[in-house]
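First residue of the sequence shown? That's 1 in the numbering used here, and the numbers climb one at a time after it.
The beta carbon of each residue, even a glycine, is placed where N, CA and C say it ideally should be.
All values derive from a computational prediction rather than experimental measurement.
Heads up: the structure comes next, in structure tokens.
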Amino acid sequence: KAPVKQFLGGDIKETEANARLASPVLQLKDKAVPFLIMHGDADNVVPPGQSKEFAEALKKHNADVDYKVVKGGEHMFLTPDTMKDVVDFFDAKLKGPIEKLKDAVTGTK
């Protein structure tokens, strides 16, 4: 059974109410926390357009959004570059020192 069917309890058309409740786009409110959205352009599980739609919806709700497309990235990706993006995002948004985490990602001391 497809993951979406398992999650919703059936086809989207059969479980429209569940699909609406599960849609992050339909649950947005103003004053959202900052978001980092990264999506691989080679994702064959979730269409990349879905994350772009979510980022645009967040912006309409005045959210602080960093949207990045990972070239060649599939559904799961974990590289030094993407980890650096995550560390930089947290460093900028949390306004605090995270040198130990940066060192762990870059392998420096």
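Residue range of the unbroken beta strand (DSSP E) whose run includes residue i
i, result
"V45", "No beta strand (DSSP E) contains V45, which DSSP labels as neither H nor E."
Cβ-Cβ distance between residue i and residue j below 9 Å
i, j, result
"M38", "G72", "no"
"Y67", "A57", "no"
"P34", "K84", "no"
"V70", "F77", "yes"
"L110", "T15", "Residue 110 cannot be examined here, being either before or after the span of the chain that is shown, 1 to 109."
"L28", "A63", "yes"
Selection from the options that minimises the alpha carbon distance to residue i
i, options, result
"G40", "H61, A92, S51 and L58", "S51"
"H75", "T15, A63, R20 and N44", "N44"
"K60", "P48, V86, K31 and T79", "K31"
Counterpart residues of residue i in DSSP-defined beta bridges
i, result
"D66", "L36"
Residue span of the alpha helix (DSSP H) that contains residue i, given as start and end
i, result
"V86", "P80 to L94"
"K5", "P3 to L8"
"L26", "Where L26 is concerned, there is no enclosing alpha helix (DSSP H), given that its DSSP letter is neither H nor E."
Closer than 8 Å: residue i CB and nearest the ligand NAP heavy atom
i, result
"G72", "With respect to the ligand NAP, the structure shown offers nothing to examine, as it has no ligands at all."
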